[in-house]
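Number of protein chains: 4
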Amino acid sequence: MNDLRQIQQRMNEFVAERDWEQFHSPKNLSMALAVEAGELMEHFQWMTEEDSARLPADKLAEVEFELADILLYLVRIAEQTGIDLLGAVNKKMELNEKKYPAHVVRGSSRKYTEYN
Amino acid sequence: MNDLRQIQQRMNEFVAERDWEQFHSPKNLSMALAVEAGELMEHFQWMTEEDSARLPADKLAEVEFELADILLYLVRIAEQTGIDLLGAVNKKMELNEKKYPAHVVRGSSRKYTEYN
Amino acid sequence: MNDLRQIQQRMNEFVAERDWEQFHSPKNLSMALAVEAGELMEHFQWMTEEDSARLPADKLAEVEFELADILLYLVRIAEQTGIDLLGAVNKKMELNEKKYPAHVVRGSSRKYTEYN
Amino acid sequence: MNDLRQIQQRMNEFVAERDWEQFHSPKNLSMALAVEAGELMEHFQWMTEEDSARLPADKLAEVEFELADILLYLVRIAEQTGIDLLGAVNKKMELNEKKYPAHVVRGSSRKYTEYN
Chain C
1 MNDLRQIQQR MNEFVAERDW EQFHSPKNLS MALAVEAGEL MEHFQWMTEE
51 DSARLPADKL AEVEFELADI LLYLVRIAEQ TGIDLLGAVN KKMELNEKKY
101 PAHVVRGSSR KYTEYN
Chain E
1001 MNDLRQIQQR MNEFVAERDW EQFHSPKNLS MALAVEAGEL MEHFQWMTEE
1051 DSARLPADKL AEVEFELADI LLYLVRIAEQ TGIDLLGAVN KKMELNEKKY
1101 PAHVVRGSSR KYTEYN
Chain S
2001 MNDLRQIQQR MNEFVAERDW EQFHSPKNLS MALAVEAGEL MEHFQWMTEE
2051 DSARLPADKL AEVEFELADI LLYLVRIAEQ TGIDLLGAVN KKMELNEKKY
2101 PAHVVRGSSR KYTEYN
Chain B
3001 MNDLRQIQQR MNEFVAERDW EQFHSPKNLS MALAVEAGEL MEHFQWMTEE
3051 DSARLPADKL AEVEFELADI LLYLVRIAEQ TGIDLLGAVN KKMELNEKKY
3101 PAHVVRGSSR KYTEYN
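Going line by line, the protein sequences match chains C, E, S and B.
The first sequence: position 82 = 82 (our numbering), numbered continuously.
Positions in the second sequence are counted from 1; adding 1000 to them yields our numbering.
Positions in the third sequence are counted from 1; adding 2000 to them yields our numbering.
Positions in the fourth sequence are counted from 1; adding 3000 to them yields our numbering.
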């Protein structure tokens, strides 16, 4: 069993034991994920890009938990919609590899922006 | 090697081949992740919670790609900050299990809201 | 002078007195606004739609400040991009009135979702 | 009547004529606002801060509409929660002026980050 599946199962148990399925509609979970994405961004909003790449240890520990929260909600949404997260990611990476051929998009910020 | 690590390595290669590391500061990636979280939410914003749990096939296919995009940016941020995503999630789940004991928080929406 | 302009000028003075223009690139301000939008949403994420329309007084006071924060960043972005906010809103409302003729879109949730 | 009130009234009529109040719970509107905040950010995510301050005309026109959308949803939330937006902003600006005295916080990025 892959580790995304394992996280998903552990979360299923966690939620079931607390009777929290009732709050976990995909709608609500998508809000919760976006709220966490906002909390992640809050750490970086007034930093330069350079500083965001060399966080002090205390910031890093906070960012670590934000990343975890986002992944946990992601896995909950996958569960509640019946989506296979690993399958979705593999499909998307294949698509991206075709959509952005390295020899075409390489080394140009303008192209990057346009393609995305 | 766990599958989060595998996705991360495949993304590293994808980004390196296109010379896109220059755009991938944690600051920029956190914005990109939040943008994708917004796109995910857009599918649900005018739906009832019930409808969000039974998406038609075409919507579901779109949501699948949004989930993939979020995971891909998450993995990029982990890479650029040196955070071990699987480790972070395990740490956070342990913390949550202690913070919200099942027998205390079970079956109460008020408690759920307060605790979160 | 309209009141959006007045808010904008008061904020200009507030920021100048603190020498904070240096942090207020449109890029950073757009992040700050999205972070505040996340904080606003956090109040509603586990509520039903009905409950979100009848907030207790303490919640309402918090929501009030979130709305203020969003407007303040909006006004800062208008300032830093040279956009006339009132003009922009008037233009957009005219556009919406043409794009969604009342007799066509009235009373249908499906249409609402499709049009938006 | 201030212009925020005027926008609010024009939006009230727009929404009533289309029978769209039914979708406009504060919960849903907060999602819609956050989605628009994401669309605004999307314009800036791969730009440098400097470039975000000198947008080409076509980008600027798009950003203008994003700002308008955010303000329109903000005004709708004010309506649906009974919050006086102009009053809220004035209250918040007074608070900020006390919380961040110019002579204390001036000219320090570290202080800015900490205070915010």
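Glycine included, each C-beta is placed from N, C-alpha and C at the ideal position.
Predicted model only: the values in this text are computed from it and were never measured.
*Alpha carbon to alpha carbon, how far is C/Leu60 from E/Gly1082? Give it in angstroms, no decimals.*
9 Å
*Should B/Arg3076 be flagged as near chain S, meaning a C-beta pair shorter than 8 Å?*
no
*Euclidean distance between Cα positions of C/Ala37 and B/Val3015*: 30 Å
*Specify, as a first and last residue, the run of the alpha helix (DSSP H) that E/Ile1077 falls within.*
1057 to 1081
*asked:* Starting from C/Arg5, trace the alpha helix (DSSP H) in both directions and tell me its first and last residue.
replied: 3 to 18
*Of the residues S/Leu2055, S/Pro2026, S/Arg2018, the one placed nearest S/Val2075, counting alpha carbons only*: S/Pro2026
_Between the CA atoms of E/Glu1042 and S/Gln2045 - distance to the nearest angstrom_ = 14 Å
_Contacts around E/Gln1080, its chain only, beta-carbon distance under 8 Å, and the 5 residues preceding and following it disregarded_ = His1024, Ser1025, Pro1026, Leu1029
_If we define contact as Cβ-Cβ less than 8 Å, is E/Met1031 a contact residue for chain S?_
yes
*Would you say S/Phe2023 faces chain C, with C-beta separation under 8 Å as the test?*
yes
*Can you give me the start and stop residues for the alpha helix (DSSP H) that B/Ala3088 sits inside?*
3085 to 3099
_Along the chain, where does the alpha helix (DSSP H) containing E/Ala1032 start, and where does it finish?_
1026 to 1044
*When the cut-off is 8 Å and only beta carbons count, does S/Ala2061 lie next to chain E?*
no
*Find out if the Cβ-Cβ distance for the pair B/Glu3049, B/Glu3066 is shorter than 8 Å.*
no
_Range of the contiguous alpha helix (DSSP H) that encloses B/Glu3049_ = 3049 to 3052
*Anything in the region 32 to 45 of chain C with a Cβ closer than 9 Å to a Cβ of chain S? List those residues in chain order, please.*
Ala32, Ala34, Val35, Glu36, Ala37, Gly38, Glu39, Met41, Glu42, Phe44, Gln45
*Using a beta-carbon distance below 8 Å, is S/Thr2079 in contact with chain B?*
According to the sequence as given, residue 2079 of chain S is Glu; it is not Thr. Not one chain B Cβ lies under 8 Å of S/Glu2079.
*Given that a residue counts as buried once 16 or more other Cβ atoms are within 10 Å of its Cβ, and exposed if not, what is C/Arg18?*
buried
_When E/Val1105, E/Leu1004, E/Leu1095, E/Leu1071 are compared against E/Leu1033, the one with the closest alpha-carbon_ = E/Leu1071
*Kindly indicate which residue of C/Trp20, C/Glu64, C/Ala57, C/Met47 has the alpha-carbon position closest to the one of E/His1103.*
C/Trp20
*For S/Ala2088 and chain B, any beta-carbon pair shorter than 8 Å?*
yes
*asked:* So that I know if they touch, is there some Cβ in chain B lying closer than 8 Å to that of E/Asn1028?
replied: yes
*Where does E/Ala1057 land, buried or exposed, given buried means 16+ other C-beta within 10 angstroms?*
exposed
*If we count the other Cβ atoms within 10 Å of its Cβ and call it buried at 16 or more, is E/Leu1085 buried or exposed?*
buried
*Please confirm whether C/Lys88 and E/Ala1078 have their CB atoms less than 8 Å apart.*
This sequence places Ala at residue 88 of chain C; Lys is not what is there. Against a cut-off of 8 Å, the Cβ pair of E/Ala1078 and C/Ala88 comes out as no contact.
*Given a threshold of 16 other Cβ atoms within 10 Å of its Cβ, counted over all protein chains shown, does B/Leu3004 qualify as buried or as exposed?*
buried
*chain S partners of B/Glu3049, CB-CB under 7 Å?*
Ser2025, Lys2027, Asn2028
*Between B/Gln3008 and the rest of its own chain, which residues show a CB-CB distance below 6 Å, the 5 nearest in sequence each way excluded?*
Val3075, Glu3079
*Among residues of its own chain, excluding the 5 on either side of C/Tyr73, which ones have a beta-carbon nearer than 7 Å to its beta-carbon?*
Leu29, Ala32, Leu33, Glu36
*What does E/Asp1058 reach in chain A if we use C-beta pairs closer than 9 Å?*
Considering every chain present, this structure includes no chain A. Its protein chains are C, E, S and B.
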